[in-house]
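The structure under discussion appears below in the form of structure tokens.
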Amino acid sequence: MTPNSPIVIIVGTNRPNSMSGQIAEYYQNLLEQMDVSSVILDLVQLPHDFTVSALYHNAGKNEAFNSLKELLEKAEKFVFIVPEYNGSYPGVLKAFIDGLPYPNSFSNKKAALVGISSNKQGAALALSHLNDVFSYLGMDTLSLRVKLAEIKSYFDKGIISNTLYKELLEIQAQKMINF
Ligand SMILES: Cc1cc2nc3c(=O)[nH]c(=O)nc-3n(C[C@H](O)[C@H](O)[C@H](O)COP(=O)(O)O)c2cc1C
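First residue of the sequence shown: 6, per our numbering; consecutive thereafter.
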């Protein structure tokens, strides 16, 4: 872990041009306004065959996967942008976590969770599922989870039209800096 390393914003899906990716950029701008540096790790950057070439007996053999892993190793804090897929978080995010060295990839680190959904629940259940995994792995999560429900009604071309969503993201980002 490197002190004061940039916050890593993880886009929790590998869907190209995802809404989650766009929210990650919004979050990065927010942190920039607070003079905090961050990098975005979008799971779309994962090698397409990583579940075969980088997991289990092939751990460490895929260079592209290794460089993403190294980025995480240096980080102290994460923001996870998590879309709701079939009532939970995307399977590719779990496969990515399963590909990291077990059990210490996230222990004693810190994370903030942001959920995105097209329904009215804002990925609440997805965030709970993910929080359970992080608790198991020893990563502390910020108590304020931001749930961006009905995202298509409130986000377009980098602009959030819902005042509460904007305020909650700002409060969370500030708390994350002090976490
Ligand atoms: C495979 C898949 C499953 C989804 N399941 C749900 C769901 O259970 N509930 C929901 O509200 N939205 C669901 N969505 C919609 C996404 O939450 C929505 O598209 C949102 O924009 C975030 O996803 P994105 O980052 O991939 O754009 C699903 C989308 C995909 C691609």
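Beta carbons are placed, not taken as given, at the ideal position from N, Cα and C, and that holds for glycine.
Between A178 and G104, the beta carbon gap of about 28 Å keeps them out of contact (Cβ cut-off 8 Å). Comparing alpha carbon positions, the residue from Y159, I182 and V13 closest to V84 is V13.
Counting only residues of its own chain and dropping the five nearest sequence neighbours on each side, N167 has a CB closer than 7 Å to the CB of Y159. Straight through space, the alpha carbons of V49 and A64 are spaced by roughly 19 Å.
For F83, the three-state secondary structure derived from DSSP is strand. Between Y170 and L153 a beta carbon distance of about 6 Å is seen, short of the 8 Å cut, so the two are scored as contacting. Here the residues close to ligand 1, judged by CB distance below 6 Å to any of its heavy atoms, are T18, R20, S23, M24, S25, P88, E89, Y90, N91, G92, I121, S122, S123, N124 and I156 in chain order.
When secondary structure is reduced to three states using DSSP, L132 falls in the helix class. Sequence-distant partners of L51 (beyond 5 residues in either direction) whose C-beta falls short of 6 Å from its own C-beta, in its chain, are N19.
Within the same chain, and ignoring the five residues on either side of S10 in sequence, the residues whose Cβ sits closer than 7 Å to its Cβ are K79, A80 and E81.
Residue nearest to A117 within the set M39, I182, Q126 and K125 is I182 (criterion: CA-CA distance). Residue range V151 to L153 is occupied by the beta strand (DSSP E) that includes L153. Nearest in C-alpha terms to P106, of all of G92, F70, Y94 and P21, is F70. Close CB contacts of M144 within its chain, under the 6 Å cut and outside five residues either way in sequence, are with F111, K114 and A116 (chain order). If you draw a 10 Å sphere on the C-beta of Y94, you find 16 or more other C-beta atoms in it, and that means buried. The three-state secondary structure of A59, taken from DSSP, is coil. Taking C-alpha positions only, I86 is separated from H62 by approximately 29 Å.
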